[in-house]
Structure formats: C-alpha cells, structure tokens
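Just so you know, we're using the numbering used here here: the sequence shown kicks off at 144 and counts up by one.
The C-beta atom is built at its ideal place from N, Cα and C for all residues, glycine as well.
Step one of this worksheet: look at the structure below.
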Amino acid sequence: MRQVNQLGYDIIGDVHGCAFTLVKLLEKLGYRDFNGVYQHPSRKAIFVGDILDRGPHIREAIGLVKAMVDAGVAECVMGNHEYNALGYHIWLPDQQRYLRDHTARNHRLLNATLEQYKKHPNEWEQVLSWIQERPLFLNLPACRVVHACWDSDLIYTYECNYGGNHVSRELLIESGEETSFAYLLMDRLTRGTDIALPPGIEVVGRDGFSRKQFRTKFWSTDPQTYADVVFQPDPLPTYLMNTPLSKAERKCLLHYSAQEIPVFVGHYWLTGVPSPLTPNVACLDYSAVKYGRLVAYRFDGEAVLSADKFVSVVVDMKSDIGH
Numbered sequence: 144m145r146q147v148n149q150l151g152y153d154i155i156g157d158v159h160g161c162a163f164t165l166v167k168l169l170e171k172l173g174y175r176d177f178n179g180v181y182q183h184p185s186r187k188a189i190f191v192g193d194i195l196d197r198g199p200h201i202r203e204a205i206g207l208v209k210a211m212v213d214a215g216v217a218e219c220v221m222g223n224h225e226y227n228a229l230g231y232h233i234w235l236p237d238q239q240r241y242l243r244d245h246t247a248r249n250h251r252l253l254n255a256t257l258e259q260y261k262k263h264p265n266e267w268e269q270v271l272s273w274i275q276e277r278p279l280f281l282n283l284p285a286c287r288v289v290h291a292c293w294d295s296d297l298i299y300t301y302e303c304n305y306g307g308n309h310v311s312r313e314l315l316i317e318s319g320e321e322t323s324f325a326y327l328l329m330d331r332l333t334r335g336t337d338i339a340l341p342p343g344i345e346v347v348g349r350d351g352f353s354r355k356q357f358r359t360k361f362w363s364t365d366p367q368t369y370a371d372v373v374f375q376p377d378p379l380p381t382y383l384m385n386t387p388l389s390k391a392e393r394k395c396l397l398h399y400s401a402q403e404i405p406v407f408v409g410h411y412w413l414t415g416v417p418s419p420l421t422p423n424v425a426c427l428d429y430s431a432v433k434y435g436r437l438v439a440y441r442f443d444g445e446a447v448l449s450a451d452k453f454v455s456v457v458v459d460m461k462s463d464i465g466h
C-alpha cells in the first residue's frame, strides 16, 4: 500500500451502483488503481453514502468503495439506503418481524441490490457488517459530512451520550420505535427534514412513490412560504408554493448558520451545473443513476465554498445505465 501524504478531501456524491462512472470520476480526480485500490498520492476520498441500490453495478461499486475505505484512503458515511438495507435484514425475535418490514415498497427499494448479490450470499453478509461499521457523520476540523441533514443539537446529544459517530445494532433496533431519540436521529441525518402536505394531497416522485410530505432545506433564513423551504427534485403543485408556513412548521425547521464550517450532503437529486447551495453548504447528489452527473467537491480547508471546486462526470450510460 502506498503512503498517502494527505493534503485535502475529495467528497463524492451518491453513487447508486454506477461503478464505471465512479472509476471515471476517480481517474479525473487523479486517483489510480494500485493493487486493487483506487488512491491518490495527496488526497483522501469521502463518500456521502448511498453507494447501493438502483444502479446496474452495485456489487462492483460497493467493492470499489469498501476496498478504498478498508485501505484507509477513503471514508464513507451511512446513507438512507444503507440504513434501509440494515433494517431490512435485522430480525426482531421478540416481535417476530424484521426491523424494516418486508413490504412491496421496501423490497422494491432494495431489489436491485438483492438481485445482484443473489449468487453471493456470504459476500452480502460481509457487506452488511461493513455497512453497520460506517460512521453516521463526520465532524472534521474544517468541514462536516452527513448524508442528508446536519442537525447540530441531535449530533451533539448523540456524541455526548453515545461517545462517537458510529451506530450500534442496539441503536438501530431502537430506531424502529418512531417516538425514540434513535428514530429521530437516523431519520433526520439520513433522510433530512420534511413538512406534511395539506390533508388529501400527495405528490408522486420521479421514483414512482407517492408522498404526503415534502423535503425541506435545513439552512433557510427567515422562510415565509413553502417555496422558501422546499428542496426536492419533484416540484410541489404550483398552487401550494405560496402557502404560508405556520408557526408550528417554522418551529420545526432547522437553520445551519452562515458562521458554521462547511457541510457536505448528498440525497437530494439535484440537476444542472454543480454549485454551492450557500457559502458553507454543498449538495453532491446530481442524480447520477437518473442519467445525471456523478459529482465531487475538492475541499482544501476553505471556509467559503466555491463553484470552481466541483468536479463532475456525465454518467456513462453505455456501461452503467445501458446494461
């Protein structure tokens, strides 16, 4: 293994099984394959989670990222799809059920992953163990990384009470109870914040699922209407955009202060030209598995994020989507 004299981080968005596109991005960033591990002579990769599900080469993508993490040349935080996979396989003998119910919807979310590991059951068990070992967030000296939302209060409480940033099997089981701290922590950090739609209204997303809530920003300043906080690829009906936020809704919103160090997230299926959401907030999910881009940010300790630090590649549809 080569000795890495680390100078900076390359923070990489949701891969979702686009393994060949990931190789293309890593090579564009200057990483090379040394003895089966992609690495850089002076930088470390950080993945924002959601390596599995949806895409055509999930097993290859997980193998690539796992090799980098195990070799110490990368980090990977837990995304909601990794969290879902763990819940889908944790059996609760006292309740005679799985932590995440085996409904048609939940199976559909994980189906591509299960199919690609069908002939490799032992390897899949090893991957599940590896996923559980991944940190839920990274609170680094100059930046932070979390899959969907940085909630300072929740994270501070977790660090104080649980002594770190990893998730135990016991906490995962506790997260199955919707009134628990563990549920709020896992839901908030891996799925973000949301607001319930008015009664009787549902929005069908690009993934085909119908939802009764919409995702919201965790960095809004003095928001007044739904339009000020909505943050998702599927727009709200036009007639809802100017709906005033109630006091209760405003109270539930988070605000990541402009004085905080930069934070990087994935999760939100953005489109267009990659750029910071605010001077200290960046999303790196640009819908790779939906014919978009796989995106990285080259972080070198700056307090103000810059659009020219984003690096991206268009998804290789022939190799990653076309198969």
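Excluding its 5 nearest sequence neighbours in each direction, V372 has C-beta neighbours in its own chain below 8 Å: I338, T359, K360, S363, P366, L388 and L396, listed in chain order.
Spanning the alpha carbons of Y305 and N282 requires a straight line of approximately 15 Å.
With fewer than 16 other beta carbons inside 10 angstroms of its own, I344 counts as exposed. If you ignore the 5 residues before and after W273, its C-beta comes within less than 7 Å of the C-beta of K209, all in its own chain and listed in chain order.
The residue among Q402, G348, N249 and E392 with its C-alpha nearest the C-alpha of L379 is G348.
The alpha-carbon of K390 is positioned some 55 Å away from that of F177. Buried is the label assigned to P405, since at least 16 other Cβ atoms lie within 10 Å of its Cβ.
The count of Cβ pairs closer than 8 Å, one atom from the stretch 231 to 238 and one from the stretch 186 to 201, stays below three, leaving the stretches out of contact.
When C-alpha distances from L315 are compared across N223, Q356, F357 and K433, the shortest belongs to N223. V416 has its alpha-carbon roughly 20 Å from the corresponding atom of A291.
G230: member of the alpha helix (DSSP H) spanning N223 to H232, first to last residue. Boundaries of the alpha helix (DSSP H) harbouring A162: A162 to K171, taken from the DSSP string. Comparing alpha-carbon positions, the option among L150, G151, Y152 and H159 lying closest to L437 turns out to be H159.
If you look at R334, you'll find it in the alpha helix (DSSP H) that goes F324 to R334.
If you look at I189, you'll find it in the beta strand (DSSP E) that goes R186 to F190.
Secondary structure of R287 (DSSP, three-state): strand.
Of the residues R287, H309 and G192, the one whose Cα lies closest to the Cα of A446 is R287.
Between the alpha carbons of V289 and Y382 lies a gap of roughly 33 Å. For N304, the enclosing alpha helix (DSSP H) has its first and last residue at S295 to Y305. Non-local beta-carbon contacts of G409 in its own chain, meaning distances under 8 Å to residues more than five positions away in sequence, involve G156, D157, V191, G192, D193, G222, H290, A291, C426, L427 and D428 in chain order. Excluding its 5 nearest sequence neighbours in each direction, L169 has C-beta neighbours in its own chain below 7 Å: Y181, listed in chain order. Considering only Q402, N385, D350 and T386, the residue with the shortest C-alpha distance to D377 is D350. Annotated as proximal: I189 and E218, with beta-carbon spacing under 7 Å.
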